[in-house]
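Here the structure comes first, spelled out in C-alpha cells, and everything after it is commentary.
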Amino acid sequence: MTVKNPDREAIAHGRITDQPLRPKPSTPTWVLKLVMAVSGLLFAVFVLGHMAGNLKLYLPDHDGEPALDVYGEFLRSFGEPLLPHGAFLWAFRLVMLAALIGHVWGAIVLTGRAKQSRGKFARTNLMGGMDSFATRTMIVTGLVLLFFVVFHILDLTMGVAPAAPDAFVHGEVRANMLASFSRWPVTLFYVLAMLCLFMHLTHGIRLAAFDLGITGKKWRQVFLILAYAIPAIVVIGNIVMPLSILFGWVS
C-alpha cells in the first residue's frame, strides 16, 4: 500500500513508513461495536415484550375495561407507592432513548470509518442470498425504523396530529389503536416497517453475537436460531394486529 509523503529512510530499511495510516480514534472501534451490540439486544428484548403486551388487544374486557387499557395503566402505575405515578415508565423510556442514541451514533461512526478504511478498494458480493441483501440494506432499514419509531411515538404515545388520529385520547390504548390502524396508509407503513425490522434485527442479532465474542459453535447455532425466531415472532405479531383492525376483524 502506498502512503502520502513516505519516509525514504524507512523504505531503505524495508519499511514503508513508521507513521500510522490514520490518527487514533477518540473512541475505540470495539467500544462502538459493544454499544451497538448491547443496545441492539436490548431492542430485541423490548420489541418482543412490547408485542406480547399489545396482543392483549384480543383478550376480553376486564371488569368492563379493555384488557389493553388495563395493561397500559399497569405500566403507568408500576412501582407505586414507592415511585410517583408514571415514574417507572418514563425512566424506562429514558433508558431506551439513551440506547437509541448510542445505537445510531455507533452506526454513523462505524460506517464512516469503514468507508474511510476501504476507500476505492471496497469489495462487494462477498456473501450471497439473504445475508448479502440484509448486510447491504442495514443503513436503509435502520433509517426506516428510526422514522417509524418517531412516527409511532407521535401516533400512539403522544397523540400528535397528523401522525395520530383526531379521535386520540390519552390512556385509551385500545381505542387509539383501533382509530390509528383503521387508516390504511398507516397500516401499510407499519407492515413495511415490520419487514425492515425483520431484516435489520436478524442480521443485527448475529452481528451482536460476534461483537460480544460469542464464537463457539454451539452458541453460534443458538444465536442463529434466535436471530430468525425472535424477529419472525415479533414481525408476525405486529403485522397481524394492524391488519386485523384494518379488515374489521377486531372492533
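Numbering (this note's numbering), first residue to last: 14 to 264.
Glycine included, C-beta positions come from ideal geometry on N, C-alpha and C.
From residue i to residue j, what distance separates their C-alpha atoms?
i	j	result
Val186	Val117	29 Å
His183	Thr170	8 Å
Asn251	Lys230	32 Å
Lys240	Gly115	Checking the displayed sequence, the identity of residue 240 turns out to be Ala instead of Lys. Cα to Cα, the separation comes out at about 21 Å.
Met14	Gly125	For Met14, the pLDDT reaches just 48, beneath the cut-off of 50, and the residue's location in the model is therefore unreliable, although a value from the coordinates is still provided. Distance between the alpha carbons of Met14 and Gly125: 21 Å.
Leu96	Gln129	48 Å
Val298	Val253	Outside the displayed span of the chain (14 to 264) sits residue 298, for which this structure offers no information.
Leu81	Ser90	14 Å
Ile121	Ala111	15 Å
Asn67	Ala180	19 Å
Pro244	Leu107	24 Å
Lys69	Glu93	23 Å
Gly85	Leu214	26 Å
Leu259	Val153	27 Å
Ile246	Phe236	15 Å
Phe56	Gly77	33 Å
Gly99	Phe105	10 Å
Gly226	Leu54	14 Å
His63	Thr148	26 Å
Trp232	Val58	18 Å
Gly261	Gln234	41 Å
Arg39	Ile238	Reading the sequence as shown, one finds Ser at residue 39 and not Arg. Cα to Cα, Ser39 sits roughly 36 Å from Ile238.
Ala127	Leu113	21 Å
Ala242	Thr228	19 Å
Can you tell which of the options has its C-alpha closest to the C-alpha of residue i?
i	options	result
His216	Gly119, Val253, Gly261 and Gly155	Gly155
Gly172	Ala192, Phe160 and Leu159	Ala192
His165	Val44, Val60 and Thr42	Val60
Thr42	Phe87, Leu237, Gly119 and Ala104	Gly119
Ala206	Arg233, Phe160, Gln234 and Trp232	Phe160
Val263	Gly53, Pro79, Leu55 and Leu102	Pro79
Thr150	Asn189, Phe211 and Val204	Phe211
Ala65	Phe236, Ser39 and Val248	Val248
Ser195	Leu256, Leu55 and Tyr71	Leu256
Met190	Asp168, Gly62 and Ala100	Asp168
Val44	Leu123, Phe101, Leu102 and Val58	Leu123
Val162	Cys209, Ala127 and Ala188	Cys209
Ala188	Val58, Thr40 and Tyr71	Tyr71
Leu88	His75, Trp103 and Leu113	Trp103
Is there at least one non-hydrogen atom of the ligand GTP closer than 8 Å to the beta-carbon of residue i?
i	result
Phe105	What this structure holds is no ligand at all, so the ligand GTP is not there to describe.
Which partner residues does residue i have in the DSSP bridge list?
i	result
His75	Glu78
If you follow the alpha helix (DSSP H) that residue i is part of, which residue opens it and which one closes it?
i	result
Met64	Thr42 to Asn67
Ser193	Val186 to Phe194
Ala222	Trp197 to Asp224
Ile12	Nothing about residue 12 can be reported from this structure: the residues present for the chain run from 14 to 264 only.
Phe164	Met151 to His165
**Message:** Quick check: the stretch 193–206 against the stretch 157–176, are at least 3 beta-carbon pairs closer than 8 Å?
**Reply:** yes
**Prompt:** Should the stretch 48–55 be called in touch with the stretch 206–222, which here means at least 3 C-beta pairs below 8 Å?
**Reply:** yes
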